[in-house]
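First residue of the sequence shown: 50, per my numbering; consecutive thereafter.
In what follows, a structure is listed as structure tokens, so that the remarks can point back to it.
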Amino acid sequence: MDLWIDIQIHKWIYAGWAVLYVISLFLLFKNRNNWDIKIKKVITLIGLSILLFFCPLTVKIILGNILPGPWEYERLSWLFFVAPVISYTFVKVRDGLRRRQRIKGIVAFVVLCFILGASPLFTRAYKEAENINKVPNYAIEISDAIAEDCGCYDGELYGVRQVAKDNKGKSIKPKVLIQLDEKYNRDTGDELKYGIRQYTSPLILSDIVIPKIEYDSSFFKISKYINLNNYEYFVCTNNPYLRKQVENYGFELLKEIGDYVIYKNTKEITLYFVRHGETSANANGIYSGSMTDTKLTDKGITDAKKAGNALQDIKFDKVYVSELSRSNDTAKYIIGENNNKIPAVSIMKLLNDANLGALEGLSREEVAERYPDFNEEKFFGVISDSKFVSPIGATSKYKVTQNYKTALDKMVTEMSNNSKALIVGHSSFVWFLQAVFPNEVSEEAVLDNASITVIKYNKGKYEIEAYNTDASQFKEIEQ
């Protein structure tokens with residue numbers, strides 16, 4: 050083991066204390082007969098501190114089962130032993146000097162601390178200071194390549210790399226998928242994910258196990274295992290069949306490192322979601338979900354055309370609608386206002402409105418009378434509750450949200466880079482927005498009839514660019 054690297058944890062500026070410690074030991078020993086101290090006890094204490102806190106093997110055997118982790122020993126514990134020795138030595142040396150010599154000694158001590166703290170010799174690069182677990186070089190190279198490409202570090206503070214912030218003040222932490230040939234287990238020697246996690250803290254890592262016998266075939270389909278659209282980077286085995294599948298998703302090669310390749314998600318898709326225009330059920334305060342097919346009112350038709358006018362210059366590569374007529378009709382009026390050739394409309398069941406169960410077809414007054422304690426959470430659950438069962442037979446918020454996630458993932462997969470899609474759907478889409486954009490869309494938010502919401506799929510993540518905007522406002526924004 051490289052003990053010298055092991056004791057240089059976190060590249061902190063106090064790395065120079067190691068040298069001062071050695072100097073203090075020398076002075077203690079040299080002046081053992083002149084200073085009022087029982088040097089044997091001091092040396093015994095020092096030896097114990099070295100045994101317990103400097104020797105990795107001892108620490109892993111003795112303290113590994115006591116502290117939070119087998120390598121927690123190097124955090125602060127050893128300073129309790131080091132600092133007193135250095136302090137005592139410095140004071141004793143100072144007491145034996147004249148006034149002018151004391152001043153020179155203090156200045157020399159401060160300069161020495163600064164030089165030792167800033168010296169590359171004692172504050173090595175992050176990969177050396179943090180590499181107490183001997184991360185393989187290929188894992189370090191992969192980590193550095195991704196970190197440099199995404200810009201997730203922004204300089205250093207006291208020798209420690211600082212996580213960068215985006216223009217919204219959020220930490221840049223890209224989602225990285227790592228392909229393994231077998232289930233991750235440190236004891237098996239598979240150190241790819243483990244090494245990247247140990248070396249590069251900002252990366253959000255996930256793994257997928259794909260046996261070589263599976264991907265080493267021309268019939269291999271990565272979609273059987275995972276949807277790559279949810280990730281910004283993919284680290285995988287350098288295999289032609291695997292690489293071809295990744296490239297079909299719109300990923301581009303970032304770097305080849307040994308037996309692995311790093312792919313970067315480069316796909317950008319813009320999705321224009323429009324809620325259907327006003328229906329007769331909306332106008333009369335009737336609850337209408339996926340089980341109630343209701344027609345557009347004259348106002349609904351007018352508003353749909355206004356939305357189409359606001360979107361008239363956008364060339365849509367795809368148009369998606371639910372199975373309900375109010376969605377289809379709204380899309381028809383929007384397309385009728387467009388100045389470009391529009392592709393055939395794709396009907397997607399996943400875009401259907403929520404089934405409102407026993408509320409379907411009831412007026413607001415009837416619901417208030419039958420269910421005086423009515424509230425969304427009681428009848429539809431919360432977005433995160435996958436086990437919720439509605440007491441009125443309605444579709445849960447969780448299920449609706451998952452339907453929309455699946456629908457959008459499918460759209461992104463089948464659309465080419467820089468494409469634009471028109472989606473005409475229902476008010477329940479707001480639950481998806483609340484789940485994906487909790488900071489931008491509040492729990493009380495709604496989607497108005499014929500409103501326009503713009504979502505950008507940007508290289509592995511969704512961003513919201515406009516929310517619940519009416520036609521006139523949207524046109525002003527576009528201009």
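No residue lacks a Cβ here, since even glycine has one placed at the ideal position from N, Cα and C.
Every value quoted in this text rests on a predicted model; they were computed, and no experiment measured them.
In terms of Cβ geometry, residue 304 and residue 194 form a close pair [threshold 8 Å]. For residue 291, the enclosing alpha helix (DSSP H) starts and ends at 289 to 297. In this structure, residue 351 sits away from residue 329, with a CB-CB distance that is not shorter than 8 Å.
Residue 518: not part of any alpha helix (DSSP H); member of the beta strand (DSSP E) spanning 510 to 518, first to last residue.
Residue state for residue 474 is assigned as strand, using DSSP reduced to three classes. Contact between the region 248 to 255 and the region 208 to 224 is established, with three or more Cβ pairs separated by less than 8 Å. Going by DSSP, residue 245 is part of the alpha helix (DSSP H) stretching over 241 to 248.
With respect to the C-alpha of residue 407, the residue from 447, 231, 428 having the closest C-alpha is 428. By the CB criterion at 8 Å, residue 281 and residue 331 fall outside the cutoff. Spanning the alpha carbons of residue 418 and residue 336 requires a straight line of approximately 14 Å. For the beta strand (DSSP E) assignment, the uninterrupted runs of no fewer than 3 residues enclosed by the region 309 to 377 are, from N- to C-terminal side, 309 to 314, 317 to 324, 367 to 370. If you draw a straight line from the Cα of residue 311 to the Cα of residue 185, it is about 16 Å long.
Runs of the beta strand (DSSP E) lying entirely within the region 407 to 455, each at least 3 residues long, are absent.
Looking only at 139, 260, 286, 201, the smallest Cα-Cα distance to residue 187 is reached by 286. Counting along the chain, no beta strand (DSSP E) covers residue 201, and no H or E run does either. Residue burial is scored here from C-beta neighbours: residue 155 has fewer than 16 other C-beta atoms within 10 angstroms and is therefore classed as exposed. CA-to-CA, the gap between residue 299 and residue 71 works out to about 57 Å. Within the same chain, Cβ atoms closer than 6 Å to the Cβ of residue 387 are found at 361, the five residues on either side in sequence being excluded. Assigned with DSSP and collapsed to three states, residue 210 falls in strand. Listed in chain order, the non-local C-beta contacts of residue 356 below 7 Å within the same chain comprise 323, 383, 499, 501, 520, local neighbours out to five positions each way being set aside.
Within a 10 Å sphere around the beta-carbon of residue 413 sit fewer than 16 other beta-carbons, which makes this residue exposed.
Here residue 200 has 213 as same chain residues with Cβ atoms under 6 Å from its own Cβ, once five neighbours each way along the sequence are excluded. In the DSSP annotation of this structure, residue 264 is not part of any beta strand (DSSP E); the continuous alpha helix (DSSP H) holding it starts and ends at 261 to 264. The Cβ atoms of residue 506 and residue 461 lie closer than 8 Å to each other. Residue 338 is positioned such that its CB atom lies no closer than 8 Å to that of residue 434. In this structure residue 365 is buried. Its beta-carbon is surrounded by 16 or more other beta-carbon atoms within 10 angstroms.
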